[in-house]
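Taking it in order: structure first as structure tokens, then the write-up.
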Amino acid sequence: MQVHSSSDRPRLSVRRANRRRHIIGSHTQFSTREESMRRLRELIVENLAERLSGSQDAQRSVPRANPSLLDPEPSARHPVAAVNVPTSDEPSATGSSVSTESERTSAAAQPEESQQESEPESADPVSAAPSPAGEAEADDGEGENCSICFEPWTSAGDHRLAALRCGHLFGYICISRWLTSGGNKCPQCNKPAKRGHIIFLYARKLKAVDNAEEVRLKSRLELEQGSRRMEQLEVAQCRQQMQLMADENVRLRKEVEELRRWKAQAAFGSSQGASLSSSQRQDSSSGGHYVFSKAVLVSQSGGSRVLSYCEPLGCLLASQPSPQATFLPGFGVKKISTATLKPSQYVPIHSKQIRGLAFSRHQDSLLLSAALDNTIKLTSLMTNTVVQAYNTGRPVWSCCWCHDNNNYIYAGLANGSVLVYDTRDTSTHVQELAPLRSSCPVVSLSYIPRAASSTFPCGGLIAGTLEGGCFWEHVEGTTYTPHILPLESGNCTDIQVEPDSRHCLVTYRPGRANPSLRCVLMELSRTPQTDSSQPPICSCSPVQTFTAGSSCKLLTKNAVFKSPAGERATLVCAGDEATNSTMVWNAGTGALLQKMPADLPVLDICPFEVNQSSYLASLTEKMLKVYKWE
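The opening residue of the sequence shown carries number 1 in full-length UniProt numbering; numbering runs sequentially from there.
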């Protein structure tokens with residue numbers, strides 16, 4: 001143990017006093033430095049919070065850290081950069097900001113001393129009041145500062161403009177230090193990030209235009225435009241419905257007017273039939289006449305052309321276009337029951353207009369049809385299906401069956417030829433009867449069978465064209481001998497035959513010499529030649545002529561048939577286009593028996609019998625009228 005002398009005691013006291021003063025000064029200096037760092041951290045945290053919340057006023061009111069103001073001692077003796085580790089209770093962003101701000105503060109200590117000498121007025125940024133120009137500059141530069149250090153980013157160097165994948169902008173050195181020091185998220189949106197996500201942006205200045213109002217107005221404009229389009233669509237739909245209702249109203253009005261006209265015509269026809277003169281009743285050989293029975297609508301849109309009667313099924317068949325042309329285009333026939341006189345069903349057959357219908361006398365319910373689609377077809381009305389079709393290569397204007405041999409059918413073409421088909425051969429025609437004169441369409445074909453007649457025993461085919469007629473005598477098999485009939489040239493529109501009386505009815509349209517429609521009843525004859533080696537000559541001679549109106553624009557089909565009154569009388573029936581009526585004559589006397597009105601020009605006429613009662617059907621473009629003989 002060391003023992004001090006009495007002379008050493010004053011020195012020891014002095015040393016102890018100096019040591020105490022040094023310790024007290026050190027404590028004072030440390031507490032002052034700690035207080036400065038605490039104030040610096042508080043300012044930086046407050047500045048960062050206000051920056052992140054978007055407060056511009058706080059940005060202008062909080063100055064950047066100045067060590068000369070915060071530290072009462074010179075910054076050379078007490079450098080702030082020594083404190084660069086954040087406390088455990090502060091977030092990582094604050095700690096990084098503290099270290100960065102401390103480095104910049106210590107580095108800028110010496111330049112500030114020189115600036116204080118030249119610019120003493122700007123040495124205290126806290127007390128300096130910002131001018132309006134400075135406020136504008138602060139607003140403009142708000143998008144040019146790093147959100148970590150609040151310093152403007154540069155176009156080159158460590159603090160150059162950089163961005164993360166989330167799109168937020170920073171100074172490169174700041175965001176790099178942030179991610180290196182353990183922050184693995186974006187400082188602004190907290191999305192995961194790492195140093196590899198940092199990309200450089202090559203831009204001198206960035207400024208986001210505030211277009212929130214523009215976006216809002218555009219959104220409202222789109223909504224208004226969508227609403228306007230919906231309203232326009234509703235208006236268009238309403239207009240379309242209104243137009244449909246108006247069309248339906250017009251159609252119903254026309255239908256009502258048409259029904260009224262039919263009712264008036266039916267009443268007129270009945271009164272006209274009842275008011276026949278006694279002389280006309282005597283000319284009819286029995287005093288009978290046709291009485292209107294019923295009118296049947298065949299086609300609402302029109303387009304009906306030809307008419308035929310199927311005795312085995314007891315129904316009339318009228319050609320017409322498809323009633324559902326949109327879904328099932330084409331042409332076919334409509335069945336009309338003769339028992340109820342009501343249309344039953346539509347049978348589609350051809351793709352173009354039908355010009356001829358014919359039934360065989362021996363084939364039950366097998367319909368032969370000819371159309372402008374270059375085909376003739378055999379249709380079974382039992383199944384309503386086409387069982388055989390032949391391609392003629394040209395439009396077909398007429399057709400008929402061979403009543404001497406049920407296996408043969410004929411097709412009259414538009415070039416004047418007649419094709420002979422054997423139904424047992426489904427490939428092609430077996431013979432072609434070429435025209436002897438011009439190549440006019442064959443508008444009518446009628447087969448007259450063989451009969452035990454002294455004047456005309458042979459059978460064959462009568463083909464009528466616009467230039468006249470030709471009788472093709474059927475010798476045997478497929479052998480035919482042509483005979484030119486002595487008819488007027490240029491005005492012939494139809495030739496029909498009455499097989500029992502061996503007569504034919506030839507219709508001529510009005511011309512220069514004869515301004516009226518004429519129906520001439522011809523008697524067929526076969527005259528042997530003086531040279532016995534030559535075959536006999538088949539010809540015809542006029543018996544009676546019947547005249548009608550002065551108009552004939554359509555190729556109508558007329559009829560010659562036995563009178564229902566019997567006594568070997570014959571009736572001639574023709575449509576008068578000028579008066580839209582059906583005219584009935586006595587073929588023997590030439591007297592007009594009846595004139596039955598129609599709504600449109602009569603196109604075809606068909607007599608038939610049901611349950612020993614005689615009827616007459618007349619077809620217009622839309623309607624079918626049925627008359628009963630009484």
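C-beta atoms are modelled at their ideal positions from N, C-alpha and C, and glycine is treated no differently.
By the C-beta criterion, the region 509-525 is judged to be in contact with the region 539-554, since at least 3 inter-stretch pairs fall below 8 Å. Apart from the 5 residues on each side of it in sequence, R220 has no Cβ closer than 6 Å to any other Cβ in its chain. In the three-state reduction of the DSSP assignment, I537 falls in the strand class. Inclusion of A578 and W585 in the CB contact set at 8 Å is not warranted, their separation being larger than that value. The alpha-carbon of D425 is positioned some 46 Å away from that of V291. With a contact defined as Cβ atoms closer than 8 Å, S489 and G468 qualify at about 5 Å.
Under the three-state reduction of DSSP output, H289 falls in the coil class, being neither helix nor strand.
Counting along the chain, S304 sits inside no alpha helix (DSSP H), nor does DSSP assign it H or E at all. Taken through DSSP and simplified to helix, strand or coil, G226 comes out as helix. In the three-state reduction of the DSSP assignment, H197 falls in the helix class.
The DSSP-derived three-state label of Y172 is helix. Inter-segment contact for the region 354-365 and the region 336-344 is absent: fewer than three beta-carbon pairs are separated by less than 8 Å. Looking at the backbone, the Cα of P449 and that of L485 are separated by about 18 Å. In the DSSP assignment, A617 falls within the unbroken beta strand (DSSP E) covering S613 to L619.
For P348, the enclosing beta strand (DSSP E) covers residues K342 to H350.
When the beta-carbon positions are compared, L461 and V430 stay at least 8 Å from each other.
Within its own chain, the residues whose Cβ lies closer than 8 Å to the Cβ of F561, once the five positions on either side in sequence are excluded, are E498, T570, L571, C573 and P607, listed in chain order. Taking C-beta atoms as the reference points, P601 and T620 count as a pair closer than 8 Å. The beta-carbon separation of V347 and N374, rounded to 20 Å, does not stay under the 8 Å limit for a contact. Straight through space, the alpha carbons of K628 and K595 are spaced by roughly 14 Å. Here the C-alpha atom of S563 lies approximately 10 Å from the C-alpha atom of H289. By the neighbour-count definition (other C-beta atoms within 10 Å, threshold 16), K625 is a buried residue.
Taken through DSSP and simplified to helix, strand or coil, W401 comes out as strand. In this chain, V209 is not harboured by any beta strand (DSSP E), its DSSP state being neither H nor E. Distances from the CA of E432 to each of S454, Y408 and H350 were compared; the closest alpha carbon is that of Y408. Taking 8 Å as the cut-off, the Cβ atoms of H474 and D404 count as close. Checking the DSSP bridge columns, you'll see G393 has no partner listed. The alpha carbon of N145 has as its nearest neighbour, out of V610, E214 and L48, the alpha carbon of L48.
Under the three-state reduction of DSSP, C238 is assigned to helix.
Contact check for L413 against T392 passes: the beta carbons are separated by less than 8 Å. The continuous stretches of beta strand (DSSP E) do not include L517, and DSSP gives it neither H nor E.
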